[in-house]
Structure formats: C-alpha cells, structure tokens
Amino acid sequence: MKEEKRAGVRRRPRRKPRKQKSVLFDIISATVLIAAVCVFVFSLYQLVMMLIPYYTGGKEYDEIQDLAVEADADGAGFRVDFDELLAINPDTIAWIRFDEPSIINYPVVKSADNEEYLTKTFSENDNKLGAIFMDMRNNSDFSDKNTIIYGHHLNVSPDMFSRLNLYQDEEFCREHPDFYIYTPDGKIRTYTVFAAGEVSAVSENYEVDFASDEEYEQFLGKCSADSAYPVDVELNAGSQIITLSTCTGDGHANRFVVRGVLTSVD
C-alpha cells in the first residue's frame with residue numbers, strides 16, 4: 000500500500016451501489032404519483048360537488064312537471080294544475096312553455112324582490128339553478144306593456160334559460176316563433192318573438208313604465224333595433240310584450256334577451 004502511494008497511484012472512489020439509486024428513484028416516483036392522485040381526487044370531488052346542485056335541481060323540476068302538467072305525447076292538450084303548484088309555492092303566477100327549445104317548460108314565480116329566486120328553486124330549496132321569476136315591478140296578471148321574466152344561463156346544464164341563446168340564430172326564430180304563458184285564471188297567452196340579442200344589463204332595455212304612448216313606441220323601436228336580426232312582426236302603442244332575460248356567461252355587463260309580443264289570448 001505504501002509503495003503504491005509513493006508511486007503516485009490513486010485509487011478510484013467507490014461507486015454507490017446501483018440498488019440505492021433505484022430505491023431513491025422509486026421513492027420519488029411514488030411520491031409524485033401519490034401527489035398526482037391526490038390532485039385528481041380533489042379535482043374530481045370539486046367537480047362532483049359543483050354538478051350535484053344541477054342534478055338535484057333538474058330532477059326537482061322534472062318532478063314538478065310530472066306533478067302539475069298534463070299533455071299528449073305530441074305536446075297537444077297542454078294543461079297546468081295550478082292548485083298543485085300553489086300548494087307547493089304560493090308565489091306561483093304562471094307557467095312558461097316553448098315548443099322548442101322544449102326544455103324551457105317551467106313554473107313562474109314572483110317575489111317581493113329580484114334576489115330571492117336567484118338562488119332558490121320553485122320548491123324553495125337553496126340551489127344555484129334558482130327559478131324562473133317575474134320582475135318585482137311588474138303586475139302578476141301580465142297587464143304591463145313590458146313584463147320581464149328572468150332565468151339563469153348555466154354553462155354546464157341546459158336547464159332554466161340556458162337555451163334561450165338558440166334565438167341568436169335567425170332561422171331558428173323563424174321556425175319556432177312562439178312561446179306560451181299559462182295563468183291560474185285558465186288563460187293561454189301566445190307571444191311571438193320580435194327581437195333577440197345582447198343588451199346592456201343597466202340600460203333602458205329593462206324599463207317597465209312609460210310616460211306616454213310615444214315613449215313606449217320609441218322603446219319598441221329600440222328593442223327591434225337591438226335585435227340580432229330583423230323580424231317582421233307588427234308593433235304599436237297598444238302592444239304588450241314580454242322580455243325574457245338571461246346572463247350571457249361573460250360576466251355581468253350584458254344580458255341576452257328574447258322579446259315576444261302578445262298575439263293571442265285563449
């Protein structure tokens with residue numbers, strides 16, 4: 000040994016056993032895998048918790064339809080049992096129905112404010128679906144010149160007013176121009192769509208009171224001008240309209256509205 004040192008011979012350092020490196024790699028891999036699984040499980044939990052209200056809310060409205068609505072297989076003979084609805088919720092004032100999109104088929108309520116039914120269903124359960132509700136400023140008998148009805152647009156569900164945006168398509172509007180309001184007095188009001196498009200959430204688009212016929216006619220002209228496409232429907236100072244309003248999904252600055260004018264009462 001001493002002779003080797005004197006001769007300037009150096010020994011190579013001992014290498015760590017490959018087995019130790021393999022164990023360290025396995026530990027790191029397992030740690031990364033466990034972390035990834037934890038993130039996946041947490042994300043899945045959040046997704047499930049987000050979707051549960053949509054599922055339970057949708058199921059609730061399906062049950063309400065089964066309880067209070069009678070119709071033939073093709074939708075003819077549509078009837079609403081308002082006694083059943085009023086027993087569930089005394090705030091009931093109407094039922095709204097479209098032939099297409101057929102999913103818009105809901106009871107309509109009215110509260111003392113425009114906040115309550117943003118997060119409460121027709122059966123008064125806390126749920127992000129909310130309910131379809133009339134503006135608190137309107138008369139419940141649909142006698143106003145402009146009656147406003149609100150409903151949520153849901154990015155992950157077709158429920159409520161999520162399908163109103165189908166009326167962005169002019170051809171769809173021409174194929175499905177009408178929607179219906181049923182009221183407890185037994186009347187069926189038919190409204191024909193005359194305008195559809197995005198409007199400002201804080202504009203005069205949401206006026207319900209008008210000082211004169213001239214002011215109201217100017218309002219109707221603005222409604223038609225704001226539409227995404229022209230619709231040839233007669234409007235005048237005596238027209239009664241409904242504004243169906245929902246969010247656009249792009250924040251709170253704009254709303255998507257579909258406006259219909261009363262064309263018949265049966």
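In numbering that gives the first Met the number 0, the protein residues as written are 0 to 265. The beta-carbon is built from N, C-alpha and C at its ideal position, and this holds for glycine as well.
Original post:
Exposed or buried, what is D80 when buried is set at 16 or more other beta-carbons lying within 10 Å of its beta-carbon?
Top reply: Flag for D80 reads exposed.
Subject >> Assigned secondary structure, I148 (DSSP; H/G/I helix, E/B strand, else coil) >> reply: Here I148 carries a strand assignment [DSSP, helix/strand/coil].
**OP:** Run the proximity test for D231: is its beta-carbon closer than 7 Å to any non-hydrogen atom belonging to the ligand GDP?
**Re:** Only the bare structure without any ligand can be found here, which leaves the ligand GDP out of the picture.
Original post:
Nearest to T118 by alpha carbon, out of A111, D112, V108, A130?
Top reply: A check of alpha carbon separations from T118 across A111, D112, V108, A130 identifies A130 as the nearest.
Subject >> V264 (DSSP reduced to helix, strand or coil) >> reply: Reduced to three states, the DSSP call for V264 is strand.
**OP:** Would you mind stating whether R188 and C222 have Cβ atoms separated by less than 8 Å?
**Re:** Inclusion of R188 and C222 in the CB contact set at 8 Å is not warranted, their separation being larger than that value.
Subject >> Option nearest T275 by Cα separation, candidates L128, A86, I92 >> reply: Residue 275 cannot be examined here, being either before or after the span of the chain that is shown, 0 to 265.
**OP:** Have a look at T247, L234, S122 and flag the residue whose alpha-carbon is nearest the alpha-carbon of Q167.
**Re:** Distance check between Q167 and each of T247, L234, S122 places T247 closest, using alpha-carbon atoms only.
Subject >> Distance between S101 and D158 (C-alpha atoms, nearest Å) >> reply: C-alpha separation (whole angstroms): 10 Å.
Original post:
What number of angstroms, rounded off, separates the C-alpha of E69 from the C-alpha of R173?
Top reply: For E69 and R173, the distance between alpha carbons rounds to 27 Å.
**OP:** Could you tell me which residues DSSP puts in a beta bridge with N277?
**Re:** The chain is shown from 0 up to 265; residue 277 falls before or after that span and cannot be answered.
Original post:
Alpha carbon to alpha carbon, what distance is there between I27 and F160?
Top reply: Annotation: F160 to I27 spans about 50 Å, alpha carbon to alpha carbon.
Original post:
Touching or not, the region 196 to 215 and the region 107 to 116, by the rule of three or more beta carbon pairs under 8 Å?
Top reply: No, the region 196 to 215 is not in contact with the region 107 to 116.
Subject >> Pairwise C-alpha distance: L163 and I147 >> reply: I147 and L163: Cα-Cα distance of roughly 14 Å.
Original post:
On the three-pair Cβ rule with 8 Å, is the region 170 to 186 touching the region 198 to 218?
Top reply: Touching, no, given that fewer than three Cβ pairs across the two stretches are closer than 8 Å.
Original post:
If you draw a straight line from the alpha carbon of V192 to that of S122, how long is it in whole angstroms?
Top reply: Separation of V192 and S122 (C-alpha to C-alpha, rounded to the nearest whole angstrom) is 29 Å.
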